[in-house]
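For the sequence shown, the residue numbers in our numbering are 9 to 199. We treat Cβ as the ideally placed atom computed from N, Cα and C, and that holds for glycine.
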Amino acid sequence: MAGHFIGIDVGTGSVRAGIFDPTGRMVATAKRDIALYRDGPDIAEQSSADIWQAVCASVREAMPQSGLGPDDIAGIGFDATCSLVVLGPGGKPLPVGAHDDASRDIIVWMDHRAIDQAERINATKHPVLTYVGGTISPEMETPKLLWLRENLLETYHAAWQFFDLPDFLTWRASGSLARSTCTVTCKWTYL
Numbered sequence: 009m010a011g012h013f014i015g016i017d018v019g020t021g022s023v024r025a026g027i028f029d030p031t032g033r034m035v036a037t038a039k040r041d042i043a044l045y046r047d048g049p050d051i052a053e054q055s056s057a058d059i060w061q062a063v064c065a066s067v068r069e070a071m072p073q074s075g076l077g078p079d080d081i082a083g084i085g086f087d088a089t090c091s092l093v094v095l096g097p098g099g100k101p102l103p104v105g106a107h108d109d110a111s112r113d114i115i116v117w118m119d120h121r122a123i124d125q126a127e128r129i130n131a132t133k134h135p136v137l138t139y140v141g142g143t144i145s146p147e148m149e150t151p152k153l154l155w156l157r158e159n160l161l162e163t164y165h166a167a168w169q170f171f172d173l174p175d176f177l178t179w180r181a182s183g184s185l186a187r188s189t190c191t192v193t194c195k196w197t198y199l
């Protein structure tokens, strides 16, 4: 039964794993909740370790339901929110807030702490903004990076990698530091 695929979708509140046959029909699924930390109306953070554990647990639950073994899986794909994962050397999580809790190493898509940074980026009217609809949202990665640089310089300088969440999941699963074209173009404004 080779040729099946695993699809992982990470949302704001849960991780979902689906096993699909070669025609795209879902043959098994599982879901795990993930934590969301709110320290005020504009702050939303998560833990990359919590999310990875939920990914692994959901796949471990879905695989037996499918009746498939590892050799039946042809590939795995990840999709997730536009959330910034910050890791230090060796993949060690770094804190993204004043709390100094390194397990909270993700600035979630719905976090709006970088509104001022997004407004300043938009005021430049830089041509790259035409590729993201003319303005950049504080939910995208560039304003979040600028916020870290201006507010958590120690974390910013200690960072080994800044990942968009789907690219973090790819790295965690495969060791590859490759970034998706969608990520670098649409979320990081890198052309």
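Here the alpha carbon of H165 sits roughly 12 Å from the alpha carbon of N159. The C-beta of G105 has 16 or more other C-beta atoms within 10 Å across all chains shown, which makes the residue buried.
Beta-bridge pairing by DSSP links P101 to L95. Taking 7 Å as the cut-off, the beta carbon of F13 is found closer than this to the beta carbon of G83.
Within 10 angstroms of the beta-carbon of P49 lie fewer than 16 other beta-carbons, which makes it exposed.
Inclusion of Q54 and I114 in the CB contact set at 7 Å is warranted, their separation being smaller than that value. Here the stretch 60-73 makes no contact with the stretch 119-134; the two share fewer than three CB pairs at distances below 8 Å. Each residue's CA atom was taken as its position, placing G26 and M34 some 6 Å apart.
Bridge pairing for E53: Y45, I115 [DSSP].
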